[in-house]
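Using the working numbering, read the sequence shown as starting at 1147 and increasing by one per residue.
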Amino acid sequence: MMGLDTNVLVRYLTQDDPEQSRIATREIETDNVSFFITSMGMCELVWVLETAYNYDRSTISDTLEKILQTRQFAFDNKALMEKALADYKKNKGDFSDYLLGHESIQAGCDKTLTFDRALKNHALFQTL
């Protein structure tokens, strides 16, 4: 197993740089090799796709869903990523906020305090 940096994953997904995309695709699609994607890496991926590539929520949701279902990819906490993705799909907050909220619940917290109005009335958060 190899760790996978976000920039390699971005090249693989966007195919925007011919040379780096070719290398990323070759490496990721190699048989008998799996790649580890951290929660932080997934959050960074969403941020890059939103800010640098102007992907909309629906496209990002579809992309994350495909990544989570790809056999070559392993995750530090796939179940929480899937929960965060489900919240991201049906609410207005950021993927990273929902992941943080689910991680906090898993750690034994009652809720996560936030000033983020997009998270108001969500069960994971208490908005100040």
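Where is the CB? At the ideal position from N, CA and C, for every residue including glycine.
Bear in mind the structure is a predicted one, so any value in this text is a computation, not a measurement.
Below 8 Å on the Cβ atoms is my contact criterion, and I expect residue i with residue j to pass it. Report the Cβ-Cβ distance as a whole number of Å.
i, j, result
"L1231", "S1207", "7 Å"
"A1225", "S1180", "18 Å between Cβ atoms; not a contact."
"L1245", "T1260", "Contact doesn't hold; Cβ gap of about 13 Å is too wide."
"G1247", "L1214", "With 8 Å as the limit, G1247 and L1214 do not qualify as a contact, their Cβ atoms being about 18 Å apart."
How big is the Cα-Cα spacing for residue i and residue j?
i, j, result
"L1159", "A1198", "13 Å"
"N1237", "A1253", "23 Å"
"S1167", "V1194", "16 Å"
"M1138", "F1241", "Residue 1138 lies beyond the range of the chain shown here (1147 to 1274); nothing can be said about it."
"K1161", "N1178", "Per the sequence presented here, residue 1161 reads as Gln, with Lys not at that position. If you take the alpha carbons of Q1161 and N1178, they lie about 23 Å apart."
For residue i, which three-state DSSP category applies?
i, result
"G1254", "coil"
"Q1161", "coil"
"T1273", "strand"
"G1247", "helix"
"M1188", "helix"
"M1227", "helix"
Quickly, what does DSSP pair residue i with across the bridge? List them, please.
i, result
"I1183", "F1221"
"T1260", "T1273"
"G1149", "F1182"
Find out if the Cβ-Cβ distance for the pair residue i, residue j is shorter than 8 Å.
i, j, result
"T1152", "L1191", "yes"
"R1172", "D1163", "no"
"D1243", "T1184", "no"
"F1182", "M1147", "yes"
Please tell me whether, using a cut-off of 7 Å, the distance from the CB of residue i to the nearest non-hydrogen atom of the ligand SAM is below it.
i, result
"V1194", "Although the ligand SAM was asked about, the structure shown includes no ligands whatsoever."
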